[in-house]
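Engineer:
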Amino acid sequence: GLEYLRRVRHEASKVPNVMVSTAVDPRAFDHRQTTYVPPAGAYVPPRTPPHAQPDQQWRQAFLASFSDLRATVARAVAAHG
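Per the numbering used here, the very first residue in the sequence shown carries number 15; after that it's consecutive.
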């Protein structure tokens, strides 16, 4: 989890800030905009095949690790306000 956040922060630091040009009329591109928006809930993701699902031992280890992380964060917040 922390490694993922570190990578995201690193990548985000390399992306320039977003700028909006006042010289471009955004309405000039309206005719190119896609108007189709699927209804909410229309997408149903495929089921994960049994061989790719985590087993009970992995789930327990993950939940224990996450629980420890939550406790650590709660202690840090309590200590540092």
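Ideal placement from N, C-alpha and C gives every residue a C-beta, glycine not left out.
Mapping the DSSP letters down to three states, classify Ala42 as helix, strand or coil.
Structural biologist: Residue numbering aside, residue 42 sits at position 28 when the sequence shown is read from its first letter. In this structure, Ala42 counts as helix in the three-state DSSP scheme.
Engineer: Could you give the distance in angstroms between the alpha-carbon of Phe76 and the alpha-carbon of Pro53?
Structural biologist: What you label residue 76 is simply residue 62 of the sequence shown in a count that begins at 1. What you label residue 53 is simply residue 39 of the sequence shown in a count that begins at 1. Using only the alpha carbons, I get a separation of about 34 angstroms.
Engineer: Taking only the alpha-carbon atoms, compute the straight-line gap between Ser79 and Ala66 and give it to the nearest angstrom.
Structural biologist: Along the sequence shown, one-based indexing puts residue 79 at 65. Along the sequence shown, one-based indexing puts residue 66 at 52. Looking at the two C-alpha atoms, the distance is approximately 21 angstroms.
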